[in-house]
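In the numbering used here, the protein residues as written are 3 to 266.
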């Protein structure tokens with residue numbers, strides 16, 4: 003799901019940079035399609051489709067697929083890359099589509115949606131009874147080392163992080179399962195696991211990741227302070243997250259499969 007990376011308030015993603023430096027996002031999502039196991043002709047919503055690579059994989063497996071994202075640049079890039087597929091602009095916490103789906107699929111998107119209960123309600127409403135929801139998102143403890151070090155560095159620089167600038171929602175299995183159940187979605191599989199993830203760009207890998215995904219932390223920070231905070235962050239995280247010339251993000255992922263109850 004698109005949220006800004008390095009940006010001024012109100013600006014969107016850099017879709018070209020995302021495709022170039024964050025291919026790991028959709029590449030790691032390919033086996034999530036196996037969990038979904040789409041059947042030919044099934045109607046599938048790819049929620050938070052980004053630039054459309056997994057939408058295309060779903061279509062290649064025979065699904066009738068619609069990609070939805072809340073960032074216009076991502077939708078534009080997806081339409082350019084896959085002109086035969088349908089992509090629509092919409093918010094995961096407020097979307098409504100006319101026809102029900104057999105499945106809702108979401109990879110690396112819903113941790114950007116802090117209005118999680120509203121998103122769960124929309125997902126449930128989009129599914130036919132018996133339809134399934136398959137998702138992977140950042141789980142409890144995701145990027146904990148990066149976020150903790152960044153928050154501390156900002157505070158030391160005189161720009162403590164206001165709670166509303168923390169951009170992510172990283173639930174535990176129990177928290178997310180309860181949320182889905184409250185909206186008529188019955189979890190039948192859930193896993194929380196570590197996935198240390200190699201960042202592209204060598205020495206610049208961490209700062210590129212910050213530019214793509216952590217712009218909210220820096221919205222009120224002057225440029226010169228921004229540069230110093232990133233330098234300090236690299237210094238502190240290097241012993242833990244940099245090895246053999248490569249940065250790794252301390253990802254922890256939550257993967258879930260739920261089914262909409264017949265009376266849901």
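All C-beta atoms, glycine included, are put in the ideal place defined by N, C-alpha and C.
Small disclaimer: the values here were computed from a predicted structure and weren't measured.
- Task: Give the straight-line distance between the Cα atoms of residue 94 and residue 56, rounded to the nearest whole angstrom.
- Result: 17 Å
- For residue 204, does the count of other Cβ atoms within 10 angstroms reach 16, so buried, or fall short, so exposed? exposed
- Query: Where does residue 191 sit, in a helix, a strand or coil, going by DSSP?
  - Reply: strand
- Message: If you follow the beta strand (DSSP E) that residue 171 is in, where does it begin and where does it stop?
- Response: From DSSP, residue 171 is part of no beta strand (DSSP E); its letter is neither H nor E.
- Message: For residue 98, count the other beta carbons within 10 Å of its own beta carbon; 16 or more makes it buried, fewer makes it exposed. Which is it?
- Response: So residue 98 ends up on the exposed side.
- Item | Presumed contact (8 Å Cβ cut-off) between residue 61 and residue 87, rounded CB distance | 6 Å
- Rounded straight-line distance, which links the Cα of residue 92 to that of residue 124: Rounded to whole angstroms, the separation of the alpha carbons of residue 92 and residue 124 is 11 Å.
- N- and C-terminal bounds of the alpha helix (DSSP H) containing residue 269: Beyond the ends of the chain as shown, which are 3 and 266, falls residue 269; an answer cannot be given.
- Minimum C-alpha distance to residue 66 - residue among 36, 75, 77, 101: 101
- Where residue 131 falls: helix, strand or coil (DSSP): Note: residue 131 maps to strand in three-state DSSP.
- Task: Go to residue 36, then tell me how far its alpha helix (DSSP H) extends in each direction, as first and last residue.
- Result: 32–38
- Query: Is the CB-CB distance between residue 90 and residue 68 below 8 Å?
  - Reply: yes
- Task: Please name the residue in 133, 169, 143, 227 whose C-alpha comes closest to that of residue 214.
- Result: 169
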